[in-house]
Amino acid sequence: MITSLFFWIYKNGGAFCWRKTFHTRWNCSRPSFGWSKKAHGSARIRLGATDVIASVKAELGKPSALQPDKGKIAIYVDCSPTAAPMFEGRGGEELSTELSVALQRCLLGGKSGSGSGIDPSSLVIVEGKVCWDLYIDGLVISSDGNLLDALGAAIKAALSNTGIPKVNVASETSGDEQPEVNISDEEFLQFDTSGIPVIVTLTKVGRHYIVDATSEEESQISSAISISINRKGHICGLTKRGGAGLDPSIILDMISVAKHVSEQLINKLDSEIAAAEANEEES
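When we follow the UniProt record's numbering, the leftmost residue of the sequence shown carries the number 1, and every step to the right adds one.
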């Protein structure tokens, strides 16, 4: 994804090294927008041979009783059977669920919404009564590994492309009455995506920890950690897969590597999103 970034490898024992040969998979394509006409925003990103689309749709809903001052956000992933033979049948369903849960942990913070890259309080229209329910869908078109990071980048791009209709409250209500609202057809509110993190996955292959592993490398996986980090360097979420255990000191070292990678990745991705938006305005 990042042409100037070395391909990091972590070796057990605390020493870092890297291959200076450019790993072309890090050359992320410029996002393209408008892939879902039914959504309020969408984006497609290719990372090497991995190709994904993210779309964002907003629907009016009611806040939960436990969080009356917050809207609701859900993330779902669908692995197309045409992307890889492993996605056919039960294998695709299990991976779709795994990716959906991992994205929710990495992007939506805790159950209270703290640490979320998307501020759920920004989705409230009338506290306790009306809010936006945000549905984020990811579609895997083709896969050559590192799906979670690619989907995270596509979601960030799709949210930058999302315009939610402005809502005006037509009347005041009391008690349990639902207020009347008018949804604008002309005015839209854009998301502030500056706080949305990127996801960096470090995969353990043999004795090494690799950033942006290929599907072949992932087939040898013993464990992997995915860390979401925002522009301020704050960790928003972390998820692990694979059965092998990891020493806490190694996890801390992996987080250090992920922070280094994320800083450059965010700059590159934000630059590509801005360029894509400029091209869209000109066309």
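Here a beta-carbon is modelled for each residue, glycine too, at the ideal position from N, C-alpha and C.
Report task. Look up residue 208 in the DSSP assignment and say whether it is helix, strand or coil. Result -> strand
Requested in this report: Could you please give me the residues that DSSP links to residue 32 through a beta bridge?
Outcome: 44
Query - Counterpart residues of residue 191 in DSSP-defined beta bridges - result: Residue 191 pairs with nothing; no bridge assigned.
Report task. Would you grab the beta carbon distance between residue 183 and residue 165 for me? Rounded to a whole angstrom, and I think it's under 8 Å. Result -> Their Cβ separation, rounded to whole angstroms, is 5 Å, which keeps residue 183 and residue 165 in contact under 8 Å.
Query raised in the report: What do you get for residue 218, buried or exposed, if any count of 16 or more other CB atoms within 10 angstroms of its CB means buried?
Result: buried
Query raised in the report: Helix or strand or just coil, what does DSSP make of residue 167?
Result: strand
**Report entry** Alpha-carbon spacing of residue 280 relative to residue 87, whole angstroms
**Finding:** 33 Å
Query - Sufficient close CB pairs (3 or more, under 8 Å) joining the segment 267-278 to the segment 247-254 - result: By the C-beta criterion, the segment 267-278 is judged not to be in contact with the segment 247-254, since fewer than 3 inter-stretch pairs fall below 8 Å.
**Report entry** Cβ separation of residue 51 and residue 194, assumed to be a contact under 8 Å, to the nearest whole Å
**Finding:** Not confirmed; about 26 Å, so no contact.
**Report entry** Where residue 219 sits in the DSSP three-state scheme
**Finding:** Residue 219: coil per DSSP, three-state reduction.
Query raised in the report: Once you ignore the five residues that flank residue 205 on each side, which residues in its own chain have a CB closer than 6 Å to its CB?
Result: 217, 220
Query raised in the report: What distance in whole Å lies between the Cβ atoms of residue 103 and residue 116, which are believed to be in contact at a cut-off of 8 Å?
Result: That pair is no contact at about 12 Å.
Query - Beta carbon of residue 159 nearer than 8 Å to that of residue 41 - result: For the pair residue 159 and residue 41, the CB atoms are nearer than the 8 Å cut-off.
**Report entry** Delimiting residues of the beta strand (DSSP E) encompassing residue 119
**Finding:** It is not in any beta strand (DSSP E) - residue 119 carries neither H nor E in the DSSP assignment.
Query raised in the report: So, are the CB atoms of residue 45 and residue 154 less than 8 Å apart?
Result: yes
Query raised in the report: Taking the DSSP output, what are the residues bridged to residue 77?
Result: 138
Query raised in the report: Between residue 53 and the rest of its own chain, which residues show a CB-CB distance below 6 Å, the 5 nearest in sequence each way excluded?
Result: 35, 44, 139
Report task. Can you give me the start and stop residues for the alpha helix (DSSP H) that residue 247 sits inside? Result -> Note, residue 247: premise wrong, no alpha helix (DSSP H); not H, not E.
Query raised in the report: Start and end of the beta strand (DSSP E) containing residue 53?
Result: 50-61
Report task. Check each candidate in 188, 224, 171 and name the one with the smallest Cα separation from residue 130. Result -> 171
Query raised in the report: Of the choices 76, 202, 144, 250, whose alpha-carbon is the least far from that of residue 261?
Result: Residue 261 has its Cα closest to that of 202, out of 76, 202, 144, 250.
Requested in this report: Inspect the beta-carbon positions of residue 213 and residue 132 and report whether they are closer than 8 Å.
Outcome: no
Query - Environment of residue 31 [buried if 16+ CB atoms lie within 10 Å] - result: Using a 10 angstroms sphere on the CB of residue 31, the tally of other CB atoms reaches 16 or more, which defines it as buried.
Query raised in the report: What is the DSSP secondary structure of residue 186, reduced to helix, strand or coil?
Result: strand
Report task. Could you please give the first and the last residue of the uninterrupted beta strand (DSSP E) stretch that includes residue 241? Result -> Note, residue 241: beta strand (DSSP E), 235-241.
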